[in-house]
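Each number in the working numbering comes from the position in the sequence shown (counting from 1) with 96 added on. We treat Cβ as the ideally placed atom computed from N, Cα and C, and that holds for glycine. Accompanying notes for the structure given below.
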Amino acid sequence: MRHRLNTQQWVPYPVEQVFAFFANPGNLPPLMPAWQSAQIDTSTIIDPPPRPPLYPRSTAAGAGTRMTISFRLLPWVPVRMQWDARITAFAWGDHFCDEQLRGPFAYWLHCHRVAPEVRDGTPGTLVTDDVTYEMKFGLLGEAAHLLGGRLQMRSLFRFRQRQLLRLLKPSS
């Protein structure tokens, strides 16, 4: 059965800075809990379309980019899981989507969206994560999802939101 997780977070930074941060694959491991020891093992980066003038110079992974990320599934288990992913869509300052090719889920599609939004007179960016996923192992996977998998997914995205605020720096 496919499940959906949708989260939103407003940050007081411009769309250009926030999107450039997410488009840089090197920023993925720091968005994951330290106990996962996440690292990018391999990557084939496809350059995105030409960068609009306001975007900071940094690495960005366009549609077709593939990477393998490894991480620990549980804090006390030293075995690492590999996750092969591909960027399937990319539009500067709007969205990009990644899909799992091989990894811990039977299905995974994650779309990252950004939009300018002013709150209380402060310009910023609304970050939306829209994830559609399916657990492996049929009914056993569904039971695991009900018993804690859903909560773990929410917890990981809450962690990611806290980290984003720590990692973004005011543009100079």
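- At least 7 Å separates the beta-carbon of residue 197 from that of residue 211.
- The alpha-carbon separation between residue 179 and residue 194 amounts to approximately 12 Å.
- The residues 141, 142 and 183, in chain order, have a CB closer than 6 Å to that of residue 161 in the same chain once the five nearest residues on each side in sequence are set aside.
- Just so you know, the alpha carbons of residue 123 and residue 263 end up roughly 9 Å apart.
- For residue 100, same chain residues with a beta-carbon under 6 Å away, outside a window of 5 residues either side, are 228 in chain order.
- Per the DSSP secondary-structure output, residue 157 pairs with nothing in a beta bridge.
- Looking at 114, 129 and 132, the one whose alpha-carbon comes closest to that of residue 151 is 114.
- Pairing residue 120 with residue 154 gives a Cβ-Cβ distance under 7 Å.
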